[in-house]
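Note that numbering that gives the first Met the number 0 numbers the sequence shown so that position 139 is 138, with each residue one more than the last.
We put the CB at the ideal spot given by N, CA and C, even for glycine.
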Amino acid sequence: MTHGHKDITERAAKHFDKVTVGIGVNPDKEGRYLFSLQERLHLTREVLKDILNVDVLAFRGMLSDFAYENKYPVVVRGIRNGKDFEMEQELQWAIERQKLGIETFFLNAKQSVSDVSSSAVKSVLKEQGDIKPYAPLIIKQAMEGRLLGQYIAGVT
Numbered sequence: 000m001t002h003g004h005k006d007i008t009e010r011a012a013k014h015f016d017k018v019t020v021g022i023g024v025n026p027d028k029e030g031r032y033l034f035s036l037q038e039r040l041h042l043t044r045e046v047l048k049d050i051l052n053v054d055v056l057a058f059r060g061m062l063s064d065f066a067y068e069n070k071y072p073v074v075v076r077g078i079r080n081g082k083d084f085e086m087e088q089e090l091q092w093a094i095e096r097q098k099l100g101i102e103t104f105f106l107n108a109k110q111s112v113s114d115v116s117s118s119a120v121k122s123v124l125k126e127q128g129d130i131k132p133y134a135p136l137i138i139k140q141a142m143e144g145r146l147l148g149q150y151i152a153g154v155t
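Structure below.
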């Protein structure tokens with residue numbers, strides 16, 4: 000989870016009584032995730048724990064099925080740039096074709112996080128760069144531990 004993900008979640012939470020962040024499992028990426036599904040759920044919940052109307056759930060399969068099965072009438076998607084918009088628009092049209100009654104709302108990323116992607120964060124960290132501007136502290140620490148073998152040791 001990046002600062003961009005958190006920002007979209009915070010902004011969505013201001014406009015909806017309840018927001019559920021869905022952590023999807025992409026079959027094309029299985030075995031390539033940096034963290035297990037349980038770890039991703041835990042980290043995301045930790046980042047978002049102060050937003051009281053936000054819940055975090057995992058799902059397999061299509062986002063539209065997840066939304067429909069859980070009776071979520073709206074899917075909120077963050078847009079960083081034109082490329083994201085084109086991809087998300089295709090997804091929206093696919094959801095529309097299913098005639099499930101699910102609306103897609105797009106939130107534009109703030110300029111300060113519009114260039115942040117999960118893969119870019121991993122690339123910066125692999126080159127020993129500082130990812131603090133891109134990811135919350137708990138994510139930074141977890142990624143440093145997993146990718147670089149660096150762990151915080153408490154000193155008293």
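Beta strand (DSSP E) runs wholly inside the segment 39 to 125, at least 3 long, in chain order: DSSP runs (the beta strand (DSSP E)) wholly in the segment 39 to 125: 53 to 59, 73 to 78, 102 to 107.
Identified DSSP bridge partners for T8: As a first step, residue 8 must be located in the sequence shown, where it is residue number 9. T8 pairs with nothing; no bridge assigned.
With 16 other Cβ atoms within 10 Å as the buried cut-off, status of R79: Taking the sequence shown and counting its residues from 1, one reaches residue 79 at position 80. The residue in question, R79, is buried, as its Cβ has 16 or more Cβ neighbours within 10 Å.
Test item: CB-CB of I137 and L42 under 8 Å: Position 138 of the sequence shown, counted from the first residue, corresponds to residue 137. Position 43 of the sequence shown, counted from the first residue, corresponds to residue 42. Taking the C-beta atoms as reference points, L42 is found nearer than 8 Å to I137.
Endpoints, the beta strand (DSSP E) within which I22 is located: Position 23 of the sequence shown, counting from 1, holds the residue named residue 22. Judged by DSSP secondary structure, I22 falls within the beta strand (DSSP E) whose first and last residues are 18 to 24.
Separation of A57 from G21, as counted between CA atoms: Taking the sequence shown and counting its residues from 1, one reaches residue 21 at position 22. Taking the sequence shown and counting its residues from 1, one reaches residue 57 at position 58. When only Cα atoms are considered, G21 and A57 end up about 6 Å apart.
Local conformation of A141 per DSSP, three classes: For this step, residue 141 is matched to residue 142 along the sequence shown. Shown here, A141 sits in a helix according to DSSP, grouped into three states.
Reference L159; option with closest CA among T19, A66, Q127: The shown model of the chain, from 0 to 155, leaves out residue 159, and the question about it has no answer.
Contact under 8 Å by Cβ, K125 with L146: Position 126 of the sequence shown, counting from 1, holds the residue named residue 125. Position 147 of the sequence shown, counting from 1, holds the residue named residue 146. Result yes, Cβ atoms of K125 and L146 sit closer than 8 Å.
Beta-carbon separation (whole angstroms), V75 vs L106, contact threshold 8 Å: The sequence position of residue 75 within the sequence shown is 76, counting from 1. The sequence position of residue 106 within the sequence shown is 107, counting from 1. Contact between V75 and L106 holds, with the beta-carbon distance rounding to 6 Å and staying under 8 Å.
Inter-residue Cα distance where the pair is D49 and F65: Against the sequence shown, residue 49 aligns to sequence position 50. Against the sequence shown, residue 65 aligns to sequence position 66. Just so you know, the alpha carbons of D49 and F65 end up roughly 24 Å apart.
Three-state secondary structure (DSSP) of G3: Along the sequence shown, read from residue 1 onward, the residue named residue 3 stands at position 4. Looking at G3 - three-state DSSP - the assignment turns out to be helix.
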